[in-house]
Amino acid sequence: MSPSKTGKLADCIASQQKTVIFTGAGISTESGIPDFRSPGGIWDQFDPEEMTYQNFMADEKNRRKYWAFHHQSWRNIRDARPNPAHRAVRQLEDHCDISAVITQNIDGLHRKAGTDPERLLELHGTMWRADCLSCGETHPCEQAFDQIDSGISVPRCPVCEGDLKPGTVAFGEPLPKNVMVRAQKAAVSCEVFIAVGSSLTVYPAAFLPEMAVNAGANVAIINRDPTPLDSMAHLVSHGKAGEILPEVVRHLDEQQRHPRPGC
Ligand code: NAD
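Heads up, the sequence shown is in the working numbering, so the first residue is 958 and it goes up one at a time.
What follows is the structure, encoded as structure tokens:
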């Protein structure tokens, strides 16, 4: 992002009341977690069409595959550290009125960076939890992956022995209603909406920037590659989130010392 663009975004955040940050897999690639669609990514090893909620619920064979798919990326996610972009999001929360940090990510890196859990909306759930299909109890996912390491291909609930499902939202599974309702309310009531590291192609999450635009917000898109929603954004920057967001925070520091007109 050119210095003028980061400055403009910082002006915009500083001069407005409510800001929503919306993140996708691209904010975590600099932490070593690949996005799904890049060459060599996880879709080269697993067929996304098989990883549906309906398949998971249908039979044991599909549950084994689904757990193997999650097990494949678990250690990487468990050991990943927040990068400068996650830390910049955390710093923005101190600087201005961030009404929500909405993430499509399941890696827990915003939590690790210290984002306020009250404003963090994990639209697609989290790898850090496993839910029992029988009794509904939730468990830390470490226990489930320990079971897989010991040879059990579909982990069992320690309470009732029912099958566990990862706490992530599968393809074809409804998003958690309360989380989605809060995300929609935040999108239509913010003045600035910043999308970071998302191809903006996974729906219904990608409706959120559209809702924000329609409700009159200024939308900024920070992404390595172009997105289909670039043409409706007020500000677009193609580059690395881990470079651009810290730069925005630096400009914001500067703007708070020497205020200028907003965007
Ligand atoms: P996506 O894979 O569709 O798109 C990622 C986007 O990030 C790409 O357009 C790419 O250009 C951009 N990008 C990559 N590295 C970047 C960087 N350093 N800085 C800025 N941009 C960068 O991701 P999505 O839109 O989030 O949708 C994918 C779905 O897959 C989501 O539902 C998400 O839940 C899931 N997913 C999550 C993780 C994770 O939790 N880290 C990882 C992979 C996939």
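For glycine and all other residues, C-beta sits at the position ideal for the given N, C-alpha and C. Being a predicted model, the structure only gives us computed values, none of them experimental.
- A check of alpha carbon separations from Glu1167 across Lys1018, Pro1183, Asp1187 and Asp1182 identifies Asp1187 as the nearest.
- For Ile1109, no alpha helix (DSSP H) encloses it, and the DSSP letter there is neither H nor E.
- Between Arg1044 and Ala1070, the C-beta gap is smaller than 8 Å, which places the two residues in contact.
- Residue pairing of Asn1180 in beta bridges, as defined by DSSP: His1195.
- Ranked by how close their Cα comes to the Cα of Val1111, the residues Val1206, Met1014 and Asn1040 have Met1014 in first place.
- Residue nearest to Gly1119 within the set Leu1090, Gly1196 and Lys1134 is Leu1090 (criterion: CA-CA distance).
- In the three-state scheme derived from DSSP, where H, G and I count as helix and E and B as strand, Ser985 is classed as coil.
- The beta carbon of Gln1061 sits closer than 7 Å to at least one heavy atom of the ligand NAD.
- Annotation: His1027 to Arg1214 spans about 46 Å, alpha carbon to alpha carbon.
- As computed with DSSP, Glu1079 is found in a beta bridge with Thr1060.
- Looking only at Pro991, Cys969 and Ser961, the smallest Cα-Cα distance to Ala1174 is reached by Cys969.
- At least one heavy atom of the ligand NAD falls within 7 Å of the beta-carbon of Ile990.
- The stretch 1193-1201 makes contact with the stretch 1035-1050; the number of CB pairs closer than 8 Å reaches 3 or more.
- Residue state for Arg1038 is assigned as coil, using DSSP reduced to three classes.
- For Ala967, the CB contacts under 7 Å within the same chain, skipping 5 residues up- and downstream, are Val1205, His1208, Leu1209 and Gln1212 in chain order.
- Pairing Ala1101 with Tyr1010 gives a Cβ-Cβ distance that is not under 8 Å.
- Fully enclosed beta strand (DSSP E) runs of no fewer than 3 residues occupy 1149-1153 of the stretch 1132-1165, in order along the chain.
- Lys1122: member of the beta strand (DSSP E) spanning Leu1121 to Thr1125, first to last residue.
- The Cβ atoms of Ser1056 and Ala982 do not sit closer than 8 Å to each other.
- For Thr963, the three-state secondary structure derived from DSSP is helix.
- Counting every other CB atom within 10 Å of its CB across the protein chains shown gives Gly1124 a total of 16 or more, marking it as buried.
- In the three-state reduction of the DSSP assignment, Val1116 falls in the coil class.
- Under DSSP, His1096 forms a beta bridge with Ala1087.
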